[in-house]
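Q:
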Amino acid sequence: MNWLWDQTDAGKIGLSGDIAKLFRHEEPKQPGVFAQDAPPAAATLLAREVIQNSWDAAIELKEQLGPSADHQFSITFEFADLIGDEKRALIEALDLAGLADRVGQIDRRSIGLGQHDCLDQLDDSGAPLSVLRILEHGATGMYGPWTQNKSHMYLALVSLGYTEKLAGAGGSYGYGKAGLINGSRIRSVIAYSCFAERQDDPGVTRRLLGMTYWGQHDIGGANFTGIGSLSTGRGGLIEPHIDDEADSVAASMGFTARSSDEVAGLGTSFLLIDPTVGPEDLRRAIERSWWPALHEGDFIIDITGADGSSHPPRPMQDETLRSFIDAWELAVGRRDARRDEWASELSGPSAASPDGERFDAVGNLGLVADLSGWSYADAQVGPEDEEVSQKSLVALTRGPRMVVEYFVAGQSPPYLRGAFSASSEIDDLLRRTEPKAHDSWRTKPSDGEVDPYAATLADHVIKRIRSAVNNHRGRLKPAVPPPEDLNLPFFNEIMRRVMSGAGKGTRQPVPEVREISIHLRQGPRESSNGLIEMEGTATFSLSDHYDGESADVEVSISYKFIEDGRVGASADLTLSAPDGAVAVGPGVYRARLDRESTIAIGFCSEPYDPRWSGRLFANAEITKVAHSGIATE
0 MNWLWDQTDA
10 GKIGLSGDIA
20 KLFRHEEPKQ
30 PGVFAQDAPP
40 AAATLLAREV
50 IQNSWDAAIE
60 LKEQLGPSAD
70 HQFSITFEFA
80 DLIGDEKRAL
90 IEALDLAGLA
100 DRVGQIDRRS
110 IGLGQHDCLD
120 QLDDSGAPLS
130 VLRILEHGAT
140 GMYGPWTQNK
150 SHMYLALVSL
160 GYTEKLAGAG
170 GSYGYGKAGL
180 INGSRIRSVI
190 AYSCFAERQD
200 DPGVTRRLLG
210 MTYWGQHDIG
220 GANFTGIGSL
230 STGRGGLIEP
240 HIDDEADSVA
250 ASMGFTARSS
260 DEVAGLGTSF
270 LLIDPTVGPE
280 DLRRAIERSW
290 WPALHEGDFI
300 IDITGADGSS
310 HPPRPMQDET
320 LRSFIDAWEL
330 AVGRRDARRD
340 EWASELSGPS
350 AASPDGERFD
360 AVGNLGLVAD
370 LSGWSYADAQ
380 VGPEDEEVSQ
390 KSLVALTRGP
400 RMVVEYFVAG
410 QSPPYLRGAF
420 SASSEIDDLL
430 RRTEPKAHDS
440 WRTKPSDGEV
450 DPYAATLADH
460 VIKRIRSAVN
470 NHRGRLKPAV
480 PPPEDLNLPF
490 FNEIMRRVMS
500 GAGKGTRQPV
510 PEVREISIHL
520 RQGPRESSNG
530 LIEMEGTATF
540 SLSDHYDGES
550 ADVEVSISYK
560 FIEDGRVGAS
570 ADLTLSAPDG
580 AVAVGPGVYR
590 ARLDRESTIA
600 IGFCSEPYDP
610 RWSGRLFANA
620 EITKVAHSGI
630 ATE
């Protein structure tokens, strides 16, 4: 077999084979304590994207089989170093000599390859050929006839972001290949897949296809897209090997034959040539991203090193992850909270969705603290001797139980760690807000990239989580001593001098000239569960210092919590404004003022712990001149 290369054709839609660059410069987030001993980016991308795609297929199969079926999904990562006859056999089966000859005619860097890889050492009998086999069992396999967009193999290996998966799945088809591509130094991937026979694809249950993804390049006066296929295609077409032929080719590559006669035989085997990751890096990456699913027993993962060593993911043996698992246990209701632990069902948004749905609850949050340990821990030394600071982190999860993100919910002690499990009602809406790396819930529509209602819902979820963290941190802080117990001699002496006018060069403050007067009224009121709400009114009017009789103004109002003397997170505000005031953003209105009118905006904050301090910010602007009024609780 030989590699077939796609030639650029101006009469067709073009697609460069350098798909791996989609994730270039998108380093995985490693906030706070996770900056220590962080796995390489390639290992994290492989762990997240490949397992997510396989797990989505396993969930789909489970739904097809029904609740009574005996179904267990597993995925195995087998590293191997081939030498001697095994190495020579695989070089021939994969036509690696053809790849080496081709890469020798072009600039490696221009097609996305590094300076050195296994193609340099094919003739070196002492250099092993490293491979990684990824074997999934109990998944649907890449089913569908090889026509249009009906083939899951086409969607997964050839197309890019062509269509979305079923609701609740990990994401769009096609982006997962970036995890496989980045896992191979020469960017070559083989997929051997087994699936149940279907009416629209009669008589076929196995397919095998090899793909290489390089950047565009020129050879012999012709331009190529960089996409190469190890297939039966002719005339520029890609055609996978099928059934017995697929089994035969798979055997030549070291794969065990698959059969659709049993559920365990369904799924896909991948072969990555010259892997960029090692077993221990992969293990750490899997633990950090998939501990919720592993803890719940959703699937089984095995990792075997080239020397036969076993590297099973065991998140409970990781001290940091164990604290998040404790929070998870609280969130799902398996354990009762103590003083330094807290679990809550987060309420849903007050506004209905565009189709009229209302969500009473958006999910469950569990929080834990270690008041004698990491909750008050100092910064630590991380990789390359940089300082690693503690933060309050919440693991965000939804249906597939992969950690979407370790969300930074606070940066001052006491630090908390938490786990949030989204309700099934909002799972698909949150999925719509995730970028291609599935590593955040975006809270702004971003010029049409994100569904506006989904972004609003994600923003509500994030704010509720941040508020819950702030409230619980307030509960854990030591009580402030009564004023009569405080004795600050140095401060008292300074204040005595200030009040008595002692010292040289004292100046009277210069009065501020405001063209807009801002009058603030605020006060707390009791809410439920011992919480309070801050309510009041901000009134804006033209002052005597303004020369005109009327003006177009923009006014804004917000309420922010104070963390360790600094302005922190904003509280959600329910606002009411008079007729004629047009909302142009969150807490921002435009209106016209004259000498006889005012703008009065009523506000009420979300409930919060009374031990927290907040500050009301009100601002008014005429053209380019701004004045502010601030009130402190």
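Each residue of the sequence shown is one higher than the one before, counting from 0 in numbering that gives the first Met the number 0. Backbone N, C-alpha and C define an ideal beta-carbon position, used for all residues, glycine too.
(1) For Trp-611, which of helix, strand or coil comes out of DSSP?
(2) Given a cut-off of 8 Å, decide if Ala-245 and Arg-206 are closer than it, judged by their beta-carbon atoms.
(3) Which stretch, first to last residue, makes up the alpha helix (DSSP H) that contains Arg-282?
(4) Give every residue of the same chain whose Cβ lies closer than 7 Å to the Cβ of Gly-137, excluding the five residues on either side of it in the sequence, and list them in chain order.
(5) Between Tyr-558 and Gly-613, how many whole angstroms is the CB-CB distance? I'm expecting something under 8 Å.
(6) What residues in its chain sit with their C-beta under 6 Å from that of Arg-47, if we drop five residues either side in the sequence?
(7) In this structure, what does DSSP give as the bridge partners for Asp-551?
(8) For Gln-120, which three-state DSSP category applies?
(9) So, for Ser-259: in the same chain, excluding its five sequence neighbours on each side, which residues have a beta-carbon less than 7 Å away from its beta-carbon?
(10) Pull up the DSSP beta-bridge partners for Phe-358, would you.
(11) Determine whether the beta carbon atoms of Pro-312 and Ile-272 lie at a separation below 8 Å.
(12) For Leu-329 and Glu-340, what's the separation of their Cα atoms in angstroms?
(13) Ala-92: which of Ala-37, Asp-8 and Leu-208 sits nearest, CA to CA?
(14) What's the gap between the Cα of Ala-580 and the Cα of Ile-598?
(15) What runs of the alpha helix (DSSP H), each 4 residues or longer, lie entirely inside the region 172-206?
(16) Whole angstroms are fine: how far does the CA of Tyr-153 sit from the CA of Asp-80?
(17) So which of Ser-251, Ser-542 and Ser-596 has the shortest CA-CA distance to Asp-84?
(18) Checking the sheet assignment: what are the DSSP bridge partners for Asp-221?
(19) Quick one: what does DSSP say Met-252 is sitting in, helix, strand or coil?
(20) Within the continuous beta strand (DSSP E) that includes Tyr-153, where are the two ends?
(21) Is Asp-438 closer than 8 Å to Val-403 when the C-beta atoms are compared?
(22) Straight-line CA distance for Glu-279 to His-310?
(23) In angstroms, rounded to a whole number, what distance separates the CA positions of Arg-524 and Asp-359?
(24) Where Arg-430 and Arg-594 are concerned, what is the direct C-alpha to C-alpha distance, given to the nearest angstrom?
(25) What is the rounded straight-line gap between the Cα of Trp-4 and the Cα of Ala-256?
(26) Excluding the five sequence neighbours on either side, which residues of its own chain have a C-beta within less than 6 Å of the C-beta of Arg-397, listed in chain order?
(27) Using a Cβ-Cβ cut-off of 7 Å (strictly less than) and excluding sequence neighbours within five positions of Met-0, which residues of its own chain qualify?
(28) Does DSSP put Asn-52 in a helix, in a strand, or in coil?
(29) Which partner residues does Gln-6 have in the DSSP bridge list?
(30) Are Ala-467 and Leu-345 closer than 8 Å when you measure CB to CB?
(31) Do you know offhand how far Ile-226's Cα is from Tyr-212's?
(32) Could you pull out every residue in the same chain whose Cβ sits closer than 6 Å to the Cβ of Gly-169, ignoring the five residues on either side in sequence?
(33) Using alpha carbons as the reference points, say which of Asp-608, Asp-578, Arg-591 and Ala-617 lies closest to Pro-585.
(34) Can you look up Thr-162 in the DSSP assignment and give me helix, strand or coil?
(35) Assuming Arg-591 and Asp-551 are in contact, meaning their beta carbons sit under 8 Å apart, how far apart are those beta carbons, in whole angstroms?
(36) In chain order, what residues of the same chain lie with their CB nearer than 7 Å to the CB of Thr-442, ignoring the 5 residues before and after it?
A: Working from what's here:
(1) Of the three classes helix, strand and coil, the one that applies to Trp-611 here is coil, per DSSP.
(2) yes
(3) 278-294
(4) Ala-57, Leu-60, His-70, Gln-71, Phe-72, Ser-73, Val-262, Ala-263, Leu-265 and Gly-266
(5) 5 Å
(6) Ser-288
(7) Arg-591
(8) coil
(9) The beta carbon of Ser-259 is closer than 7 Å to those of Cys-193, Phe-194, Ala-195, Glu-196, Thr-204 and Leu-265 in its chain, skipping five residues each way along the sequence.
(10) Looking at the DSSP assignment, Phe-358 forms no beta bridge with any residue, so it has no partner.
(11) no
(12) 8 Å
(13) Leu-208
(14) Approximately 8 Å, taken between the alpha carbons.
(15) 176-181
(16) For Asp-80 and Tyr-153, the distance between alpha carbons rounds to 30 Å.
(17) Ser-251
(18) The residue asked about is misnamed: residue 221 is Ala in this sequence, not Asp. Answer is Ile-218, bridged to Ala-221.
(19) Looking at Met-252 - three-state DSSP - the assignment turns out to be coil, as it is neither helix nor strand.
(20) Element bounds for Tyr-153: not the beta strand (DSSP E) but the alpha helix (DSSP H), 151-156.
(21) yes
(22) 7 Å
(23) 24 Å
(24) 50 Å
(25) 28 Å
(26) Ala-421, Asp-426 and Leu-429
(27) Asp-94 and Leu-229
(28) helix
(29) Gln-6 is bridged to Phe-223.
(30) yes
(31) 5 Å
(32) With a pLDDT of 48 at Gly-169, under the threshold of 50, the modelled position of this residue cannot be trusted; read the value that follows with caution. Hits under 6 Å: Gln-51, Asp-55 and Pro-399.
(33) Ala-617
(34) Note that Thr-162 scores 49 on pLDDT, short of 50, meaning its location in the model is unreliable and no value can be drawn from it.
(35) Approximately 5 Å separates the beta-carbon atoms of Arg-591 and Asp-551; this is inside 8 Å, confirming the contact.
(36) A distance below 7 Å between beta-carbons, with the five flanking residues on each side excluded, links Thr-442 to the following residues of its chain, in chain order: Ala-454, Ala-457, Asp-458 and Ile-461.
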